[in-house]
Amino acid sequence: MAAAEQPMVIADDLHIVYRVFGAGGDKGTAATALLRIMGRKTRGSIREVHAIRGVSFIAYSGDAVGVIGRNGSGKTTLLRAIAGLLPPEQGNVYINGEAALLGVNAALLDDLTGERNVVLGCLAMGMSKAETKEKFPSIVDFSGVGDFIDLPMKAYSSGMGSRLRFAIAASKSQDILLVDEALATGDAEFRVKSHARIQELRKDAGTVFLVAHNLEEVEQTCNRVIWMERGKIVTQGEDVIGIIDRYIEASGGTPVDRDPVTGKRIHTRVPAKT
Amino acid sequence: MSNDRRMSAPGQLQEGDEFATSGLVTPELPDTPLAELAAQHGLRPSAERPPVVAYIRHLWQRRHFIMAFATARNIAMYTEARLGQVWQVLTPLLNAGVYFLIFGLLLHINRGIPNYLGFLVTGVFVFNFTQRAFISTSTVVTESLPLIRALHFPRAALPLAYVMIELQQMVLSIVVLAVIVVCTGEPITWYWLLVIPALLLQTIFNVGAGLATARLGSNVNDFSQLLPFLMRTWLYVSGVLFQISTLDIARKWVALLQINPAAIYITLIREALLTTQRQSQPGAMPYNALKCAQWHRTKNPLDWSAYCAPVTNPAHYWYYAIAWAVLALVVGFFFFWRAEAKYGRG
Chain A
1 MAAAEQPMVI
11 ADDLHIVYRV
21 FGAGGDKGTA
31 ATALLRIMGR
41 KTRGSIREVH
51 AIRGVSFIAY
61 SGDAVGVIGR
71 NGSGKTTLLR
81 AIAGLLPPEQ
91 GNVYINGEAA
101 LLGVNAALLD
111 DLTGERNVVL
121 GCLAMGMSKA
131 ETKEKFPSIV
141 DFSGVGDFID
151 LPMKAYSSGM
161 GSRLRFAIAA
171 SKSQDILLVD
181 EALATGDAEF
191 RVKSHARIQE
201 LRKDAGTVFL
211 VAHNLEEVEQ
221 TCNRVIWMER
231 GKIVTQGEDV
241 IGIIDRYIEA
251 SGGTPVDRDP
261 VTGKRIHTRV
271 PAKT
Chain B
275 MSNDRRMSAP
285 GQLQEGDEFA
295 TSGLVTPELP
305 DTPLAELAAQ
315 HGLRPSAERP
325 PVVAYIRHLW
335 QRRHFIMAFA
345 TARNIAMYTE
355 ARLGQVWQVL
365 TPLLNAGVYF
375 LIFGLLLHIN
385 RGIPNYLGFL
395 VTGVFVFNFT
405 QRAFISTSTV
415 VTESLPLIRA
425 LHFPRAALPL
435 AYVMIELQQM
445 VLSIVVLAVI
455 VVCTGEPITW
465 YWLLVIPALL
475 LQTIFNVGAG
485 LATARLGSNV
495 NDFSQLLPFL
505 MRTWLYVSGV
515 LFQISTLDIA
525 RKWVALLQIN
535 PAAIYITLIR
545 EALLTTQRQS
555 QPGAMPYNAL
565 KCAQWHRTKN
575 PLDWSAYCAP
585 VTNPAHYWYY
595 AIAWAVLALV
605 VGFFFFWRAE
615 AKYGRG
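So the sequence lines, in the order shown, correspond to chains A and B. With my numbering, you'll find the first sequence wraps up at 274, consecutive numbering, no jumps. With my numbering, you'll find the second sequence wraps up at 620, consecutive numbering, no jumps.
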């Protein structure tokens, strides 16, 4: 079925390793330092974190792929690797065109004003000065941070910060859009706005990846799901609802009530305790 | 925690738990090797290092980003201080004040150099430019990890921006320096204009060297700890505090110290700004063994060092300055570019 479609992202046995300096409690002491210098214990304090361990999948144009899994299962790392921001240790990720990552903690420069961050973000994404100037009002408007735009970003609430970041990153349409919990901290109004923007971007972008802990959001937006645990894919496929139900079961949650025909969630009102 | 079964979102999983994957085999991966499939459809590795020419073009595209980033960093650096950007001027002034206090008022040392205060302050300011460029670029990659992991842009933009910050600081320092130099009794001459090409070459050198230190500092954490000591050693052998030609060591070592890049840029700017330096350089006057010997013995009159023979030909200093700048830029750029895809790893 997929043969005629254009693959947009191919992960081929992808491995990602983070190297963490200063891990473990042995760093500061003179004795360990001496041992290191003497060459008997080389670089004792580097620890490797194998965040992605052999992941393979194909995503086609028009796909909206949901990535689910516990915290620390490698979802964010996977998106960063697709965006080309983290080099693979083994295997590779291939992409068609350019990928843009919208993340929550994609912090720009905290001690600079929102205004400067907008300009820097646009310029870093390769926009020209004129383009940046042209997009500036719409970005500020979309972010809805209002008067806070001339305050340093460290003065922002986390919701405001992520709104501004989303507004910056979403201002440019890309071939592949990677959304990493970018909407989790926003309020209801912003969620509606950003959802519309994602659908819009998806139309031009071709492929969207969505990392979300809100499983209902995944069900609503995605036609495929990848379930990851400890850096590996547990399962993936187009049976979004089936996989999500299994995921909930494995996590020890209460099974979701579904309409047997449509598969849609049935929300029963929980009676208030008296 | 483990028997909290009411969570509907990701809950607690036991270590070593295996997942119920039976019946959920993924059917979609085709038989063709994925790498081949990717090549067939024109997909490219996401973390691919672009070819040099494309890389330079991307870098040129981001020139506004580089300048905006430099300005923004510069402003952010001083936002915590009440005096703000006044510190940009205040820092070199205070620096000069310290040297004036010690060498101008407390110790009356001249080490056989006319206008020792001017000589010293010029040397310190010029060396400081290279020193600060080295030290700030050595941490640029680790400092900017959030930015690197968030947005796609040629990473060389970051060390470049940091050198631009230092250049901006240096231009202000030069203004302060000019005032100091005039105060020490030096005349304003056309030679002053030579500061511009000298500074330009030094900036190119700093960019190249900064690119190299940025890569070294990105994966060897110990490097940025070691760097201050390397820089101090470099300061002492580059003739900031003394005239290299007066050192009592073999001529080949003198020559080697004289053509080291820091010494070259310091000498060029000194000779541009300080008439006393230009006139007392060995070789400035025709060789006179007697006068030279007297200067070596008594250091008096101070400018009779001009009658000694130079170890390296001062006429060649500009060539050395150009050679160092080009060499550093080419080597530093390639060295940085080769690891382009690896900077996000941290």
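All residues carry an ideal CB built from backbone N, CA and C; glycine is no exception.
CB contact below 8 Å: residue i versus chain A
i: B/Phe-377; result: no
i: B/Gly-392; result: no
i: B/Gln-335; result: yes
i: B/Gly-618; result: yes
i: B/Gly-491; result: no
i: B/Ser-412; result: no
i: B/Ala-529; result: no
i: B/Ser-320; result: yes
i: B/His-590; result: no
i: B/Phe-343; result: yes
i: B/Gly-316; result: yes
i: B/Leu-357; result: no
i: B/Pro-427; result: For clarity, residue 427 of chain B is Phe in the given sequence; the question names Pro instead. Cβ-Cβ to chain A under 8 Å: yes for B/Phe-427.
i: B/His-622; result: With chain B represented from 275 up to 620, any question about residue 622 of chain B goes unanswered, as that position is not in the structure.
Coarse secondary structure for residue i, derived from DSSP in three states
i: A/Leu-201; result: helix
i: B/Gly-397; result: helix
i: A/Ser-61; result: coil
i: A/Leu-151; result: coil
i: B/Arg-356; result: coil
i: A/Val-261; result: coil
i: A/Glu-115; result: helix
i: B/Val-514; result: coil
i: B/Ala-615; result: helix
i: A/Glu-48; result: strand
i: A/Val-55; result: strand
i: A/Gly-66; result: strand
i: B/Asn-587; result: coil
Neighbour flag for residue i against chain B, beta carbons, 8 Å
i: A/Met-228; result: no
i: A/Ile-52; result: no
i: A/Arg-116; result: yes
i: A/Val-125; result: Here the sequence assigns Met to residue 125 of chain A, which means Val is not the residue at that position. So yes, A/Met-125 belongs to the interface.
i: A/Asp-12; result: yes
i: A/Ile-266; result: no
i: A/Arg-47; result: no
i: A/Ser-56; result: yes
i: A/Asp-259; result: no
i: A/Gln-199; result: no
i: A/Ala-130; result: no
i: A/Pro-137; result: no
i: A/Tyr-94; result: yes
i: A/Arg-163; result: no
i: A/Arg-191; result: no
i: A/Ala-83; result: yes
Start-to-end residues for the beta strand (DSSP E) that takes in residue i
i: A/Asp-110; result: Premise fails: A/Asp-110 is in no beta strand (DSSP E) and is neither H nor E.
i: A/His-15; result: 7-20
i: A/Met-127; result: Segment: none, A/Met-127 is in no beta strand (DSSP E) and carries neither H nor E.
i: A/Asn-92; result: 90-95
i: A/Leu-177; result: 176-180
Of the listed residues the options, nearest to residue i (C-alpha basis)
i: A/Tyr-156; options: A/Pro-255, A/Ile-248, A/Glu-115, A/Thr-132; result: A/Glu-115
i: A/Gly-253; options: A/Asp-13, A/Met-125, A/Arg-70; result: A/Arg-70
i: B/Asp-305; options: A/Val-140, A/Ile-58, A/Asp-187, A/Arg-19; result: A/Ile-58
i: A/Lys-135; options: A/Ser-173, A/Met-153, A/Thr-113; result: A/Ser-173
i: A/Ile-275; options: A/Val-55, A/Tyr-60, A/Val-17, A/Val-145; result: With chain A represented from 1 up to 274, any question about residue 275 of chain A goes unanswered, as that position is not in the structure.
i: A/Leu-14; options: A/Val-93, A/Asp-180, A/Gly-237; result: A/Val-93
i: B/Lys-616; options: A/Glu-5, A/Leu-85, A/Leu-78; result: A/Leu-85
i: A/Leu-101; options: B/Val-327, B/Gly-484, B/Ser-410, B/Ala-424; result: B/Ala-424
i: A/Ala-124; options: B/Arg-337, B/Pro-471, B/Pro-588, B/Val-514; result: B/Arg-337
Delimiting residues of the alpha helix (DSSP H) encompassing residue i
i: B/Val-528; result: 525-532
i: B/Leu-548; result: No alpha helix (DSSP H) holds B/Leu-548; DSSP gives it neither H nor E.
i: B/Lys-573; result: No alpha helix (DSSP H) holds B/Lys-573; DSSP gives it neither H nor E.
i: A/Lys-75; result: 75-82
i: B/Gly-482; result: 469-493
i: A/Gly-159; result: 158-169
i: B/Leu-521; result: Per DSSP, B/Leu-521 belongs to no alpha helix (DSSP H) and is neither H nor E.
i: B/Tyr-591; result: 591-612
> Going along the chain, which unbroken runs of the alpha helix (DSSP H) with 4 or more residues stay wholly within the segment 299-346 of chain B?
Replying inline: As summarised for the segment 299-346 of chain B, the continuous alpha helix (DSSP H) elements at least 4 residues long and confined to that stretch are 308-314, 326-335, given in chain order.
> Where in the segment 375-441 of chain B do unbroken runs of the beta strand (DSSP E), each at least 3 residues long, occur, reported from the N-terminal end onward?
Replying inline: With a minimum length of 3 residues, no continuous beta strand (DSSP E) run stays inside the segment 375-441 of chain B.
> Which ranges would you report for the beta strand (DSSP E) in the segment 189-242 of chain A if only whole runs of at least 3 residues count?
Replying inline: Counting whole runs of 3 or more residues, the segment 189-242 of chain A contains the beta strand (DSSP E) stretches 207-211, 224-229, 232-237.
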